[in-house]
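Shown next, in structure tokens, is the structure this report addresses.
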Amino acid sequence: MATREGASATKAVAPACVPVHIGVIMDGNGRWATARNLPRFEGHRRGVEALRRCVRAAREMGIRYLTIYSFSSENWSRPAQEVSELMGLLKRFVRHDLAELHGHNVRVRIIGERTSLPKEIVLLLDEAENLTRDNTGLTLNVAFNYGSRQEIASAAAKLAAEVAAGRLKPEDVTIERISAHLDTAGIPDPELIVRTSGEQRLSNFLLWQAAYSEFVFLPIHWPDFDQAALQGAIDEFARRERRFGGVTAQVGSARS
Ligand code: FPP
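Position 146 (the sequence shown) corresponds to 145 in numbering that gives the first Met the number 0; numbering is contiguous.
Rendered as structure tokens:
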């Protein structure tokens, strides 16, 4: 296993223009493969390699949270073989990369609906979270069987149950309480969301959390993603003016 970096050994320090939290929609695996007369699976397989490059780059840049959209609640509608291949890639990713992620002080968190997944996958996801729960470097949030509308509906249902039981009043259902009942509880909202493949939409990814995110849409397909692409997206982010509904002079005094 790789040598374990302690928090004090982490050299990378995030400068002010580097986002604390980046969300990534890894899109275009299928088109990348089709353009090369390869099976779609090859695009996903190369997508995992791009994911490794992305995680390494994020660690080295000192990014604190990276949330990757690896399987959406809607991806079940793909052909059974492709679903099974994506499950297989997740299993291989956890089995092959977990020790190295742990060695680099990465904390793995899973967001998404877990109870309906095959037992074998649930056990692997639990293992990844349990092994790395005390790590203090990059937090890698893997959105798997994730849908943001479902996440918000589930938070609303939990709060409604609290109200029905008389433990909360309707006016206690605040933005903060809703945030605290999402899968991302405790994680700051992403300042930047990157999507590859040229598509410009959120596709049910972090809808609540992205209220003030900047979006960068890259024209490359996910298997071609690398450190330079991540740096390019961050450079674009650094050029944006973020006002959070206020005016320019307020920025910095309101929220970061
Ligand atoms: C989008 O490409 C990508 C996905 C639906 C899955 C992303 C998965 C990986 C990068 C590999 C698996 C990684 C883990 C950790 C499971 P697409 O198939 O929608 O591409 P297309 O729009 O060109 O068809």
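No residue lacks a Cβ here, since even glycine has one placed at the ideal position from N, Cα and C. Computed from a predicted model, the values in this text were never measured in an experiment.
Environment of C53 [buried if 16+ CB atoms lie within 10 Å]
Residue 53 sits at position 54 when you count from the first residue of the sequence shown. By the neighbour-count rule (16 or more Cβ atoms within 10 Å), C53 is buried.
Here's the rule I'm using: 16 or more other beta-carbon atoms within 10 Å means buried, otherwise exposed. How should T195 be labelled?
For this step, residue 195 is matched to residue 196 along the sequence shown. Classification of T195: buried, given that the 10 Å Cβ count is 16 or more.
Could you work out which residue in H101, T33, R132 and I192 is closest to I67 when comparing CA atoms only?
For the purposes of this step, residue 67 is identified with residue 68 of the sequence shown, where counting begins at 1. Closest option to I67, Cα to Cα, is I192.
Straight-line Cα distance separating E170 from R55
Taking the first residue of the sequence shown as 1, we reach residue 55 at position 56. Taking the first residue of the sequence shown as 1, we reach residue 170 at position 171. Using only the alpha carbons, I get a separation of about 44 Å.
Which listed residue (E73, I110, N36 and V19) has its alpha carbon closest to that of N203
For the purposes of this step, residue 203 is taken as residue 204 along the sequence shown, with counting starting at 1. Nearest option by C-alpha distance: E73.
How would you call L122, buried or exposed, if buried means at least 16 neighbouring beta carbons within 10 angstroms?
Translated into the one-based positions of the sequence shown, residue 122 becomes position 123. Classification of L122: exposed, given that the 10 Å Cβ count is below 16.
For the ligand FPP, residues whose Cβ lies under 5 Å from any non-hydrogen atom
M25, D26, G27, N28, G29, R30, H43, G46, V47, S69, L88, L89 and F92
Return yes when the Cβ of H20 is within less than 8 Å of the Cβ of P189, no when it is not.
Position 190 of the sequence shown, counted from the start, is the residue given in the question as residue 189. Position 21 of the sequence shown, counted from the start, is the residue given in the question as residue 20. Cβ distance < 8 Å, so P189 and H20 count as in contact.
Judging by CA-CA distance, which residue of V17, G27 and P18 is the nearest neighbour of G197?
The residue you call residue 197 lines up with position 198 of the sequence shown. G197 has its Cα closest to that of G27, out of V17, G27 and P18.
Between the alpha carbons of I186 and Y64, how many angstroms are there, rounded?
For the purposes of this step, residue 186 is taken as the residue at position 187 of the sequence shown. For the purposes of this step, residue 64 is taken as the residue at position 65 of the sequence shown. Looking at the two C-alpha atoms, the distance is approximately 8 Å.
Report all residues from its chain with a CB closer than 6 Å to the CB of L206; omit the five preceding and five following residues, and keep chain order.
Here residue 206 refers to the residue found at position 207 when the sequence shown is read from its first residue. Around L206: S147.
Taking the alpha helix (DSSP H) that E48 falls in, what are its first and last residues?
Your numbering for residue 48 matches position 49 in the sequence shown. First-last of the alpha helix (DSSP H) with E48: R39 to M60.
Tell me where the alpha helix (DSSP H) around R108 begins and ends.
Your numbering for residue 108 matches position 109 in the sequence shown. Segment R106 to I110 is the beta strand (DSSP E) holding R108; no alpha helix (DSSP H) there.
Could you give the distance in angstroms between the alpha-carbon of R242 and the alpha-carbon of A228?
Along the sequence shown, one-based indexing puts residue 242 at 243. Along the sequence shown, one-based indexing puts residue 228 at 229. Their backbone Cα atoms lie some 25 Å apart in a straight line.
Excluding the five sequence neighbours on either side, which residues of its own chain have a C-beta within less than 6 Å of the C-beta of S115, listed in chain order?
Mapped onto the sequence shown, residue 115 falls at position 116. Answer for S115: no residue qualifies.
Mind listing, in chain order, the continuous beta strand (DSSP E) runs of no fewer than 3 residues lying wholly within the region 130 to 174?
138 to 145
Return the bridge partner residues of I219 from the DSSP annotation.
Residue 219 sits at position 220 when you count from the first residue of the sequence shown. DSSP output for I219 lists no bridge partner at all.
Buried or exposed (CB count within 10 angstroms, at least 16 for buried), Y145:
Looking up residue 145 in the sequence shown gives position 146. Buried is the call here.
From the DSSP output, in three-state form, read off H95 for me.
Within the sequence shown, numbered from 1, the residue matching residue 95 stands at position 96. Helix at H95.
By Cβ distance below 6 Å, which residues in the same chain neighbour G29 in space, the five residues on each side in sequence not counted?
For the purposes of this step, residue 29 is taken as residue 30 along the sequence shown, with counting starting at 1. Answer for G29: R39 and G42, listed in chain order.
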